[in-house]
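The sequence shown begins at 196 in our numbering and counts up one residue at a time.
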Amino acid sequence: MNRSRLEPLGVPGSDYSFQEEPARHEPSAIDRWLLKQIVDKLGPQSAVRATLWDEPDVTPRDGTVRVRIKDRKALWQLVVHPDLHFGDLYSAGRIEVRGDLLTLLLEAYRYTEKNAGFGALLARGGRKLAPDLHDSKRNIHHHYDIGNDFYKLWLDREALQYTCAYFADPAMTIEQAQQAKMHHVCRKLQLKPGERVVEAGGGWGGFALFMAKNYGVRVRSFNISKEQIAYSREWAKRLGLDGQVEFIEDDYRNLTGTYDAFVSIGMLEHVGKGNYRDLGALMSRALTPEGRGLVHTIGRDAPALMNAWIDKRIFPGAYPPTLREMMDLFEPHKLSVLDVENIRLHYAKTLEWWLQRYEENVDAVRAMFDETFVRAWRLYLVGSIAAFLAGKLQLFQVLYARTGAKNVPWTRAHVYRDHP
196 MNRSRLEPLG
206 VPGSDYSFQE
216 EPARHEPSAI
226 DRWLLKQIVD
236 KLGPQSAVRA
246 TLWDEPDVTP
256 RDGTVRVRIK
266 DRKALWQLVV
276 HPDLHFGDLY
286 SAGRIEVRGD
296 LLTLLLEAYR
306 YTEKNAGFGA
316 LLARGGRKLA
326 PDLHDSKRNI
336 HHHYDIGNDF
346 YKLWLDREAL
356 QYTCAYFADP
366 AMTIEQAQQA
376 KMHHVCRKLQ
386 LKPGERVVEA
396 GGGWGGFALF
406 MAKNYGVRVR
416 SFNISKEQIA
426 YSREWAKRLG
436 LDGQVEFIED
446 DYRNLTGTYD
456 AFVSIGMLEH
466 VGKGNYRDLG
476 ALMSRALTPE
486 GRGLVHTIGR
496 DAPALMNAWI
506 DKRIFPGAYP
516 PTLREMMDLF
526 EPHKLSVLDV
536 ENIRLHYAKT
546 LEWWLQRYEE
556 NVDAVRAMFD
566 ETFVRAWRLY
576 LVGSIAAFLA
586 GKLQLFQVLY
596 ARTGAKNVPW
606 TRAHVYRDHP
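Pasting the structure below:
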């Protein structure tokens with residue numbers, strides 16, 4: 196990996212870097228008043244305790260979470276624009292959290308629901324709802340091309356799935372649950388040997404190779420991440436599946452031909468809702484008359500933009516849709532929705548596994564990047580767990596076919612049979 200081209204947090208334009216202890220100065224009366232506003236709004240039942248830089252940095256022993264704000268500028272930034280600045284300040288070490296970070300972030304969701312104000316409005320302005328091809332390429336390269344070795348440290352070790360797993364049994368490992376997820380999708384699509392499948396957004400190729408190996412289908416997988424495509428092609432050669440699976444370095448919007456199945460796992464979040472009708476037209480013309488399709492995506496119960504810090508630092512351009520917004524993929528293009536499943540809590544458990552693996556390998560992450568990056572990605576993973584547990588994010592799987600198709604399932608029984 197070429198570390199010299201990576202910006203702090205893996206995000207171009209960030210001027211934050213980790214600080215052990217900023218310069219000290221006595222808090223003013225205004226500083227203490229601002230802190231009191233935050234504390235009072237949390238309420239007396241809150242497990243969070245906030246302190247300023249003149250108080251000792253101690254780890255609580257009573258189950259509470261202690262947030263220590265280390266300098267005046269950090270305090271003011273947190274008050275003016277918490278949605279963006281908390282992540283930067285935590286990553287830079289200018290806010291320290293002692294206790295359970297997940298508890299803090301769950302409290303933060305409760306706080307923002309009660310106290311949406313000017314800062315929250317600032318966090319939701321000025322972002323495109325329909326990223327163009329150039330935007331999409333830049334956003335994908337930003338997140339996925341920071342190094343395959345980084346993701347291999349904490350994703351499942353068999354298929355490198357960076358999407359929600361399916362815990363048919365809560366005791367499953369992440370490897371077992373990702374295999375179960377892929378079977379779950381394939382059974383919904385009722386894949387048969389010899390069928391042709393097109394995949395929009397293929398990651399490191401694990402699902403395309405899984406479909407070919409376990410269901411005997413031929414796959415064309417589109418992806419604009421250079422590092423992922425290179426990895427996928429090499430993996431296919433090692434497995435002897437390069438004649439059955441074609442990995443194409445191109446945008447899904449340029450796919451041609453018709454297929455027995457269309458599948459997109461974890462790609463719709465990057466499309467932008469302004470592009471849904473165009474994507475729906477493509478999904479329709481890509482299917483044979485009796486073809487089936489499935490879209491697996493992070494979503495929401497009500498429209499909202501992504502957290503400002505996640506959008507700027509981690510996942511630029513992401514937009515999780517509501518089910519109503521997703522209907523623009525189907526209704527204008529004579530596509531019938533056959534089945535909808537929400538596996539939200541499966542994603543919280545998936546993220547818990549990823550976080551555990553991340554922490555087990557945190558020294559290797561630190562050697563690849565720096566302490567700012569380590570803290571940023573910890574916050575991203577824990578914050579995502581909180582979002583799914585709190586119901587701020589959902590995980591939808593939507594199965595569809597052409598209007599009038601006759602090769603559609605009568606029941607869901609085939610989905611829950613034993614794995615082939």
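For every residue, glycine included, the Cβ atom is placed at its ideal position computed from N, Cα and C. Because the structure is a prediction, the values reported are computed rather than measured.
Residue(s) in a DSSP beta bridge with residue i
| i | result |
| --- | --- |
| Gln-589 | Gly-494 |
| Asn-418 | Glu-444 |
| Asp-534 | Leu-594 |
| Glu-394 | Ser-416, Val-458 |
Delimiting residues of the alpha helix (DSSP H) encompassing residue i
| i | result |
| --- | --- |
| Asp-235 | 224–237 |
| Val-577 | 566–584 |
| Ile-369 | 369–384 |
| Val-458 | Note, Val-458: premise wrong, no alpha helix (DSSP H); beta strand (DSSP E) at 454–460. |
| Val-560 | 557–563 |
| Ala-269 | 267–275 |
| Tyr-346 | 343–347 |
Cβ-based neighbour list, residue i, same chain, cut-off 7 angstroms, excluding 5 preceding and 5 following
| i | result |
| --- | --- |
| Ala-242 | Gly-258, Thr-259, Val-260, Thr-298, Glu-302 |
| Asn-537 | Gln-589, Leu-590, Phe-591 |
| Ile-233 | Ala-245 |
| Leu-482 | Thr-453, Tyr-454, Phe-457, Gly-488, Arg-597 |
| Gln-272 | His-280, Leu-284 |
| Arg-352 | Glu-370 |
| Leu-502 | According to the sequence shown, residue 502 is Asn rather than Leu. If we look at Asn-502 and ignore the five residues flanking it on each side, its Cβ neighbours are Asp-278. |
Cβ-based neighbour list, residue i, same chain, cut-off 8 angstroms, excluding 5 preceding and 5 following
| i | result |
| --- | --- |
| Asp-252 | Arg-263, Glu-291, Arg-293 |
| Val-560 | Phe-345, Leu-348, Tyr-553, Phe-568, Val-569, Trp-572 |
| Ser-479 | His-528, Lys-529, Leu-530, Arg-597 |
| Met-521 | Leu-463, Tyr-471, Val-490, Thr-492, Gly-494, Phe-591, Val-593 |
Neighbourhood of residue i by C-beta, 6 angstroms cutoff - its chain only, sequence neighbours within 5 removed
| i | result |
| --- | --- |
| Lys-544 | Phe-362 |
| Tyr-410 | Cys-381, Leu-386 |
| Glu-485 | Ala-600, Asn-602 |
| Ala-548 | The sequence given here places Trp at residue 548; Ala does not occur at that position. Excluding residues within five positions, the ones whose Cβ falls inside 6 angstroms are Ile-369. |
| Leu-584 | Ala-543 |
| Gly-461 | Thr-358 |
DSSP state of residue i mapped onto helix, strand, coil
| i | result |
| --- | --- |
| Pro-484 | strand |
| Val-245 | The identity of residue 245 in the sequence shown is Ala, whereas the question assumes Val. In the structure shown, Ala-245 sits in a strand (DSSP, three-state: E or B). |
| Phe-405 | helix |
| Arg-552 | helix |
| Gly-517 | Reading the sequence as shown, one finds Thr at residue 517 and not Gly. Here Thr-517 sits in strand by DSSP. |
| Leu-489 | strand |
| Val-466 | coil |
| Asn-502 | coil |
| Asp-364 | coil |
| Asp-278 | helix |
| Val-603 | coil |
| Asp-136 | Residue 136 cannot be examined here, being either before or after the span of the chain that is shown, 196 to 615. |
| His-609 | helix |
| Lys-387 | coil |
| Pro-350 | The amino acid at residue 350 is misidentified as Pro; the sequence shows Leu. Leu-350: coil per DSSP, three-state reduction. |
| Trp-430 | helix |
| Pro-255 | coil |
| Asp-437 | coil |
Status (buried if at least 16 other CB within 10 Å, exposed otherwise) for residue i
| i | result |
| --- | --- |
| Gly-488 | buried |
| Ile-493 | buried |
| Lys-236 | exposed |
| Pro-277 | buried |
| Asn-418 | buried |
| Gly-624 | Here the chain has residues from 196 to 615 only, and residue 624 is not among them. |
| Ile-505 | buried |
| Lys-173 | The displayed coordinates of the chain run from 196 to 615. Any statement about residue 173 would go beyond what the structure contains. |
| His-379 | buried |
| Gln-551 | exposed |
| Gly-389 | exposed |
| Gln-240 | exposed |
| Trp-399 | buried |
| Ser-223 | exposed |
Range of the contiguous beta strand (DSSP E) that encloses residue i
| i | result |
| --- | --- |
| Glu-291 | 290–293 |
| Arg-261 | 260–264 |
Check: residue i C-beta below 7 angstroms from any heavy atom of the ligand ATP
| i | result |
| --- | --- |
| Arg-607 | Within the structure as shown, the ligand ATP is missing, as the structure has no ligands at all. |
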